[in-house]
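As numbered in my numbering, residues 32 to 390 make up the sequence shown, in order.
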Amino acid sequence: MCTAPADSLLIIHEARAVADTLLGDVLRLPVAKALDVGTAAGMDRAVALLAARLRRAVGRADVDAMREAVAVLDVDWRTTTAAQRRRLVAQAMEAAGRQTAVIPARIQAPLGDAAEEVVASTRSHARREQGLALAARFNAMDRRIAQHIVRTQGNFVRDEYGRRLDTFGEEARRLVAEGLEAGLGRSDIAESLERAARGALIERAPFYWEVVASHFVSQGRSFAQVSSYAEAGVRSYRIEAVLDEATTQACRFLHGKTFSVADALKRFERVESLERPEDVKQELPWVRERLDADTGRALLYVNRGGQQTRLAEVLRSAAGTRDDVGEFRSLASDRQLADAGVGFPPYHGLCRTTTLAVT
């Protein structure tokens, strides 16, 4: 059987879980079952496993959506009126939407399981590696965090598939119009529509679930760390980046910055009250990078409500190196960074940066 690397990892992980159950329940031998998202390797493994679980849960919904849309659009467009063409594209989007509508519900179970694992792993790591005095059981904030990240991630996925269908609908209308103007026949237009549908609904899916899993695990870990710090009476924490060849400028700049636990808790409570994905993105924006037109240097910034807040200017880039943050000219204090919504990771897609208690 041929499987993707992450899917193979899931098979191995599940086989190990069965073996652990046999050793623990039947033979009464001690086993270590939990993931450790506090380490870079553990984080990578948790993300890969969750991505594989999400792909398995979704199943063929993406493929079914593409096929349903293409079937509706496979007509002789030369015999249609403008109104009929608009109606056909709308019907195709509805048909595809019925297939993708099941996706948010299907991912709830794996996300729920992952949320419990991430919070438990984070608390365990904080006790073991940082020496924090924490109770064995989840506190009330931990339970709120688990519920929040599952709910908001489902909303993000629903929003993403809505955008994909809207984008494909616009592309379909354009392809039909251009195909008719060029005198293309039914088969040629159908082929171009199928390529567009595949690109919008299928080809982006594997990497998309990696990004979803990474964001879910990283944000769950950050929230759970803040909860642990509060329970242990820790007042502040610092950002700890993984300084290797893949580390972004944003994480290099933020490495070592310190933030208030109380402020982070307030940020979580604001985010927890939000329903719309766009509102969550405004509250916790990702850090972006662009070249400054005047200096030619890279600038780090966040975009909130259409307004850019500049965070730093890159004076010397250390991109592609290990154990070197580079040099930056800070354009915002730690207080301003917190106010801008970058008080804790993730700072971008596939972010591995974590936090450490300042004791």
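We put the CB at the ideal spot given by N, CA and C, even for glycine.
Check, Outcome
"Contact under 8 angstroms by Cβ, ARG154 with SER259", "yes"
"Candidates ALA121, ARG204, ALA171, VAL243, of which the one nearest VAL89 by Cα", "VAL243"
"Three-state secondary structure (DSSP) of VAL333", "strand"
"One or two residues paired with LEU387 in a DSSP bridge", "ARG269"
"8 angstroms contact criterion, which VAL78 and VAL248 should meet: CB distance rounded", "5 angstroms"
"Residue nearest to VAL311 in terms of C-alpha spacing, selected from ALA329, LEU322, LYS288, ARG335", "ARG335"
"4-residue-minimum alpha helix (DSSP H) runs that sit fully inside the segment 294-354, ordered along the chain", "308-314"
"Bounding residues of the beta strand (DSSP E) (the contiguous stretch that carries ARG194)", "That residue, ARG194, is in no beta strand (DSSP E); its alpha helix (DSSP H) goes 171-212."
"Cβ-Cβ distance between ILE270 and THR384 below 8 angstroms", "yes"
"Length of the line joining the Cα atoms of HIS156 and ILE220", "56 angstroms"
"First through last residue of the beta strand (DSSP E) which encompasses ARG395", "Look at the range of the chain in this structure, 32 to 390, and you will see that residue 395 is not part of it."
"Terminal residues of the beta strand (DSSP E) in which PHE290 lies", "289-291"
"Beta-bridge pairing of ASP360 - partner residues as DSSP gives them", "Sequence inspection shows Arg at residue 360; the Asp mentioned does not correspond to that position. ARG360 pairs with GLU344."
"Helix, strand or coil at PRO106 according to DSSP, with G and I counted as helix", "The sequence given here has Val at residue 106, not Pro. Three-state result, VAL106: coil."
"First and last residue of the uninterrupted alpha helix (DSSP H) at LEU224", "217-229"
"Validate contact between the segment 348-363 and the segment 299-306 using beta carbons, cut 8 angstroms, 3 pairs", "no"
"For ARG168, the three-state DSSP class (helix, strand or coil)", "coil"
"DSSP three-state assignment for GLU148, whether helix, strand or coil", "helix"
"Which of helix, strand or coil DSSP assigns to ASP95", "helix"
"Endpoints, alpha helix (DSSP H) assigned at HIS246", "236-262"
"Length of the line joining the Cα atoms of ARG185 and VAL273", "Here the sequence assigns Gly to residue 185, which means Arg is not the residue at that position. The alpha-carbon atoms of GLY185 and VAL273 are separated by roughly 28 angstroms."
"Proximity winner among GLN338, ALA123, GLN250, relative to ASP173 (alpha-carbon distances)", "GLN250"
"Pairwise C-alpha distance: GLU201 and GLU212", "17 angstroms"
"GLU241, buried or exposed, once every other Cβ within 10 Å from all chains shown has been counted against 16", "buried"
"Cβ neighbours of ASP93 in the same chain (closer than 7 angstroms, five flanking residues each side left out)", "LEU232, ILE233, ALA236"
"Close Cβ partners of ARG347 (< 7 angstroms) along its chain, the five nearest in sequence each way excluded", "GLY357, GLU358"
"Local Cβ density within 10 Å of ARG366, reported as buried at 16 or more and exposed below that", "exposed"
"8 angstroms CB neighbourhood of GLY120 in its chain, flanking five on each side removed", "A quick correction: the sequence has Val, not Gly, at residue 120. Once the five neighbours on either side are set aside, the close Cβ partners of VAL120 are LEU104, GLY200, ALA203, ARG204, VAL207."
"CYS382 - DSSP class collapsed to helix/strand/coil", "coil"
"Reference GLN139; option with closest CA among ALA164, ALA102, THR111, ARG182", "ARG182"
"Whether GLY210 touches SER223 by CB criterion (8 angstroms)", "yes"
"Simplified DSSP state of GLY69, which is helix, strand or coil", "coil"
"Cβ neighbour criterion (16 or more within 10 Å) applied to GLY372", "buried"
"Nearest residue (CA-CA) to GLU262, options ALA126, ARG283, PHE169", "PHE169"
"Extent of the continuous alpha helix (DSSP H) to which ALA369 belongs", "365-370"
"For PHE290 and SER267, believed in contact at Cβ under 8 angstroms, the rounded distance", "6 angstroms"
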